[in-house]
Amino acid sequence: MKKQLPITTYGMDILRKKTKPVTKIDSKFIDLVQNMFYTMDRASGIGIAAPQINLGISLAVIDISAMEEYKNEKPLILINPVLSDSHGEDIQEEGCLSIPDVRGNVKRAKEIYLKYNDFDMNEISIELKGFMARVAQHEIDHLNGKLFIDYVTPEQKKEIKKQLSDIKKGKIETDYKLHIHSGSDNVLY
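Just so you know, the sequence shown maps onto residues 404 to 592 in my numbering.
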């Protein structure tokens, strides 16, 4: 049975730590991937990385097919992803399930080349373009301890400062389960 997992919020240490590689795929791991997709869907998200569910492993899932213009895009399971090359630049607004109700303009590559492992730990190389490339970069940033707010302009940082402070203090409401910063984070590996 699929389980909705609480999403870690801004201020929790795990969101700023580099993850460890996945070394073993078993039935527990496959259940985790299914629960990540379920959690992301319940939160109306399009991507979620393991640190966002309080796990320090290099895993992210993406599914943008709920958006009409991307309904033919296949979901992506990124195990140990690494960006190998990128081209072009584009600025678009982004948000994050771990930073509810905060948005910011972020410059990202338009096209990326990516290597990751599949469930058999085979290395896969793919090229992603446009919005899918943007979402993949956002999720891979999570695996490296970076957040989209790290890329916004100083002016935007000033504008969102109070919102970020409120999130850190747990003064936030969402339609999905949250794991609120409490001063001592228990990080699961």
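Beta carbons are placed, not taken as given, at the ideal position from N, Cα and C, and that holds for glycine.
Identified DSSP bridge partners for residue i
{"i": "residue 447", "result": "Answer by DSSP bridge pairing: none, since residue 447 is not bridged."}
{"i": "residue 408", "result": "Beta-bridge pairing links residue 408 to no other residue."}
{"i": "residue 516", "result": "488 and 530"}
{"i": "residue 509", "result": "495"}
{"i": "residue 481", "result": "463"}
{"i": "residue 502", "result": "499"}
{"i": "residue 452", "result": "463"}
{"i": "residue 581", "result": "410"}
{"i": "residue 421", "result": "547"}
Of the listed residues the options, nearest to residue i (C-alpha basis)
{"i": "residue 479", "options": "440, 489 and 498", "result": "440"}
{"i": "residue 510", "options": "548, 421, 541 and 462", "result": "541"}
{"i": "residue 548", "options": "464, 414, 405 and 407", "result": "414"}
{"i": "residue 517", "options": "537, 422, 503 and 559", "result": "537"}
{"i": "residue 491", "options": "512, 527, 500 and 507", "result": "512"}
{"i": "residue 444", "options": "405, 566 and 507", "result": "405"}
{"i": "residue 553", "options": "493, 494 and 507", "result": "507"}
{"i": "residue 347", "options": "527, 503 and 555", "result": "Here the chain has residues from 404 to 592 only, and residue 347 is not among them."}
{"i": "residue 446", "options": "498, 489, 561 and 557", "result": "498"}
{"i": "residue 529", "options": "435, 473, 436 and 489", "result": "489"}
{"i": "residue 424", "options": "539, 559, 543 and 471", "result": "543"}
{"i": "residue 496", "options": "559, 575 and 568", "result": "559"}
Whether residue i touches residue j by CB criterion (9 Å)
{"i": "residue 452", "j": "residue 582", "result": "no"}
{"i": "residue 514", "j": "residue 486", "result": "no"}
{"i": "residue 563", "j": "residue 505", "result": "yes"}
{"i": "residue 467", "j": "residue 534", "result": "yes"}
{"i": "residue 463", "j": "residue 481", "result": "yes"}
{"i": "residue 461", "j": "residue 483", "result": "yes"}
{"i": "residue 458", "j": "residue 417", "result": "yes"}
{"i": "residue 450", "j": "residue 433", "result": "no"}
{"i": "residue 448", "j": "residue 500", "result": "yes"}
{"i": "residue 454", "j": "residue 420", "result": "yes"}
| Three or more C-beta pairs closer than 8 Å, one from the stretch 573-581 and one from the stretch 404-411: is that the case here? | yes
| request: Inspect the CB distances between the stretch 427-439 and the stretch 514-530 and report whether three or more fall short of 8 Å. | output: yes
| query | If you scan the stretch 541-573 from start to end, which runs of the alpha helix (DSSP H) of 4 or more residues do you find wholly inside it? | reply | 557-571
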